[in-house]
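Structure record follows, encoded as structure tokens.
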Amino acid sequence: MTDKLPDRSQIKKELVVFLFLTFAATYLLELIGIGLYGSGILVNKLMLIPMYIPAICAILCMIYFASAALTKEAKIFLSAFLVASAVSLIEGLYQPLLGTIGPLPLCTVVVSVGAFLLVVIQNTKKPWRESLEPARLSFGRNYRQYLFLSVIFGALFILGLMISYYTGLSLPVQEYNPGVFFTFIGLYLATFFVAWPKYFGEEYGWRFYLQDRMFALFGGYKGVVLVGLIWGLWHMPLMLMGLNFPGNPVAGNLVYLVYTVVIGIIFSYSVLKTKSIWIAVLLHAITDSLVSTGYPYIANGQVLVAFLPVLVLLGILAAVLLRSKIWTGEDTASPVL
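In this text, residue positions in the sequence shown follow the working numbering: the first is 5, and each later residue adds one.
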């Protein structure tokens, strides 16, 4: 790392501005939605917007504070991300502009896939790839970790769901069918190249902009816990309305905070190990596909209890990853800001 790092006061300023913008924009939108629709906000189209907010706020902060990570290649890709996000939101909130491909809006497919191909092309040439590295936009290194971490994470998540289902912790609304279950997971993941902007929208804010600054201020161990707590609190308005744990607003929020810390450790470890945000984007996509597909198998009045096996298994993985020396390495102490 040859870039001159800002002093702690500058890092704190960047952190405060980012958190203020992200929380203010998200909470304001969600509170307005709750005021208009009540619990119906959970299925309202407005809820397409929040996932994009952290990355947008991070980009605004990078521009305002003249981040050293905002290289020419990073600007090109982040501009493509913003365009893809805008098209996706317009078609999601309004209607397809030029028809559909199956259930997917045509413009969203073309622009999102095109933006992803752009970053793939940028990663094919060493000078471009190196220019993306400070912003964590290259595909990084340790490519085997993409497969290893994705498989381990997904397998433990599925095992937790199956433990709940077969031990009677849950009263499922749908009988388990392996063919249907894994087909739906495959379909969700197959749309990754179209849906990636919304996962990137969260992860670039949390696992790049926030994480690098929290680690610089608090170190790896404290930093990763704080990032997870902040991530969980960001979801609080919708959690209080029954998102994920309906009927358990208080206990649900507490469990969700533990959950975001646990999977935050896994996501952050993955980013540090690969030096790329893309592994976190992939893991977030896997998480959402498993939650969406697996929820009918644990959905009942005791969903809070039924989710605990997933939390315990992922907690064990997080505890193992915390033993790594990577949390005290150079990359956590001196990121390029």
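Even for Gly, the Cβ is constructed at its ideal location relative to N, Cα and C.
Contact check, residue i vs residue j, beta carbons under 7 angstroms
| i | j | result |
| --- | --- | --- |
| G232 | G183 | no |
| F81 | R140 | no |
| Y208 | A73 | no |
| Q149 | K277 | yes |
| M218 | L230 | yes |
| V115 | A88 | yes |
| L110 | K49 | no |
| M245 | S13 | no |
| S272 | L153 | no |
| V285 | A322 | no |
| W200 | F85 | no |
| V228 | L108 | no |
| K279 | R145 | yes |
| F69 | E18 | yes |
| G224 | M55 | no |
| A159 | I15 | no |
| T264 | W235 | yes |
Contacts around residue i, its chain only, beta-carbon distance under 8 angstroms, and the 5 residues preceding and following it disregarded
| i | result |
| --- | --- |
| L193 | A289, I290, S293 |
| F161 | I290, T291, L294, G298, V314, L317, L318 |
| N127 | R133, L136, S142, F143 |
Three-state secondary structure (DSSP) of residue i
| i | result |
| --- | --- |
| I105 | strand |
| T6 | Confidence at T6 is low in this model, with a pLDDT of 38, below 50, so the placement of that residue should be treated as unreliable; the coordinate-derived value is given next. T6: coil per DSSP, three-state reduction. |
| K202 | helix |
| A73 | coil |
| E179 | coil |
| Y98 | coil |
| K130 | helix |
| L165 | helix |
| P54 | helix |
| S401 | This structure gives no information on residue 401, because the portion of the chain shown stretches from 5 to 341. |
| T195 | coil |
| M245 | coil |
| G333 | coil |
| S328 | coil |
| P138 | helix |
Residue i: first and last residue of the uninterrupted alpha helix (DSSP H) it sits in
| i | result |
| --- | --- |
| F3 | In the structure displayed, the chain extends from 5 to 341; residue 3 sits before or after that span and is not available. |
| V254 | 253-278 |
| T20 | Checking the sequence shown, residue 20 turns out to be Val, not Thr. From DSSP, the alpha helix (DSSP H) with V20 extends over 12-41. |
| L315 | 312-325 |
| R217 | 215-238 |
| Y68 | 57-68 |
| I290 | 282-298 |
Expected contact under 8 angstroms - CB spacing of residue i and residue j to nearest Å
| i | j | result |
| --- | --- | --- |
| F22 | L165 | Actually they are not in contact, since the Cβ atoms of F22 and L165 sit about 34 angstroms apart, beyond 8 angstroms. |
| M243 | G256 | 6 angstroms |
| T297 | F185 | 6 angstroms |
| F157 | I270 | 6 angstroms |
| A1 | I57 | Residue 1 falls outside the range modelled here, since the chain spans only 5 to 341, and no answer is possible. |
| C61 | T104 | Wrong, their Cβ atoms sit about 31 angstroms apart, outside the cutoff. |
7 angstroms Cβ shell around residue i - same chain, five flanking residues per side excluded
| i | result |
| --- | --- |
| Y31 | P241 |
| L52 | L93, G96, L97 |
| K8 | Confidence at K8 is low in this model, with a pLDDT of 48, below 50, so its placement is unreliable and no value can be given for it. |
| M66 | A73, L74 |
| I38 | I45, P241, M245 |
| L102 | L110, C111 |
| V262 | L315 |
| N248 | G256, Y260 |
| W210 | P58, V231, W235 |
Own chain partners of residue i with C-beta closer than 6 angstroms, once the 5 adjacent residues on each side are dropped
| i | result |
| --- | --- |
| I63 | L82 |
| K226 | none |
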